[in-house]
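To start, the structure under review is shown below, and the notes come after it.
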Amino acid sequence: MLHPVTTTHYLVLGAALLAIGTIGVLARRNIVVILMAIELILNAVNINLIAFSRYLGQVQGQVFAIFVITVAVAEAAVGLGILIALFRNKETVQADEIDLLKW
Amino acid sequence: MWLETLFFYLFAAVTLTGAVLTVTRRSPVHSALSLILALIGVAGLFLLQKAEFLFAVQIVLYVGGIMVLFLFVIMLVNLDQAARLRQFNRQWALALACVLAVAAEVVYVLARGAGAFRYAAPAEAPRAGNVEQVADALFKQYLLPFELASILLLAAIVGGVIMARKRS
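For the protein sequence lines, the chains are R and G, in the order given. In this text, residue positions in the first sequence follow numbering that gives the first Met the number 0: the first is 0, and each later residue adds one. In this text, residue positions in the second sequence follow numbering that gives the first Met the number 0: the first is 0, and each later residue adds one.
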């Protein structure tokens, strides 16, 4: 009946989560949701790291996942700080309305 | 063995459902709550892979810390009129096509190499608990990156405060 779970299962799940997060980053306009989609991408990376950590029987992948979580925390804190400063100055959170350096 | 498979599909379904809802919901608060669902699913996957310490870190740090930060910012920033606007930019169809092409390619390559991975049975019985093993690697082998991570967090704290501070 049910097949045992292999490392490939986890890798495919990580790829799917990465794709969903990338769509969120590329297609959404709300900056808050874009930051959430970046968190999804980093979680996809963590799934892959843990899967390979289990596959190789080593703990190094988990240590690296801790570093990834650290970077995610720093990124969320600074990103949300920038968002608050941006909203105070421009009164908008739409990513395609912030085009001061574009033209 | 079949119980592990069952739980894998359960947690995978929770994760993917939460992720899709995060990207597609109109209200940012609904997106944040869906993201919590996805993160809890990922935490369950960590538990299935015998990474108990990361399971606890995922719950405490992500669900407890980062998501509260997100919800606070959603409260600080007035998003009511933003929820009524168009949610996807003009290039969303192109973005969707490109991402689906890349995802199909990745899944194809993984399926071609699927035979290279044996069933994810644990290699050998671990000598110590998971937390002890992680601490051993973190504080002996990776001590310098660990300290550098603390400097990164300090920079993030200072940067976050300076960015969010009100200019007088």
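For glycine and all other residues, C-beta sits at the position ideal for the given N, C-alpha and C.
**OP:** Using the Cα positions of G:Gln140 and G:Gly158, report the straight-line distance between them to the nearest angstrom.
**Re:** 29 Å
Subject >> Nearest-angstrom beta carbon gap, R:Ile19 and G:Val67 [assumed within contact, 8 Å] >> reply: So it is not a contact: roughly 23 Å between Cβ atoms.
Subject >> Cβ neighbour criterion (16 or more within 10 Å) applied to G:Glu131 >> reply: exposed
Original post:
Listing by chain order, which chain G residues have their CB less than 8 Å from the CB of R:Asn47?
Top reply: In chain order: nothing, as chain G lies at least about 11 Å away.
Original post:
Which chain R residues sit within Cβ distance under 8 Å of G:Val183?
Top reply: This structure gives no information on residue 183 of chain G, because the portion of chain G shown stretches from 0 to 167.
**OP:** Can you pull the chain G residues whose beta carbon is under 7 Å from the beta carbon of R:Val58, in chain order?
**Re:** Gln132, Val133, Ala136
Subject >> Sequence-distant residues of the same chain with beta carbon closer than 7 Å to G:Arg25, five excluded per side >> reply: Ala82, Gln86
Original post:
Buried or exposed: R:Glu38, going by 16 or more other Cβ atoms within 10 Å of its Cβ?
Top reply: buried
Original post:
Is R:Ile40 near R:Val92, with beta carbons less than 8 Å apart?
Top reply: no
Original post:
Helix, strand or coil: which one does DSSP assign to R:Asn42?
Top reply: helix
Original post:
What number of angstroms, rounded off, separates the C-alpha of R:Leu25 from the C-alpha of G:Ala94?
Top reply: 6 Å
Original post:
By DSSP, does G:Phe54 sit in helix, in strand, or in coil?
Top reply: helix
Subject >> Span separating the alpha-carbon of R:Ala50 from that of G:Val13 >> reply: 18 Å
Original post:
Do we get a CB-CB distance below 8 Å when we pair G:Val59 with the residues of chain R?
Top reply: no
Subject >> C-alpha distance - R:Asn45 paired with G:Gln90, whole-angstrom precision >> reply: 29 Å
Original post:
chain G partners of R:Asp95, CB-CB under 7 Å?
Top reply: Asn88
**OP:** State the CB to CB distance for the pair G:Val62 and G:Ile35, rounded to an integer number of angstroms; the pair is presumed to be in contact (CB under 8 Å).
**Re:** 6 Å
Subject >> chain R contacts from the stretch 106–117 of chain G (Cβ-Cβ distance under 7 Å) >> reply: Val106, Leu109, Ala113, Phe116
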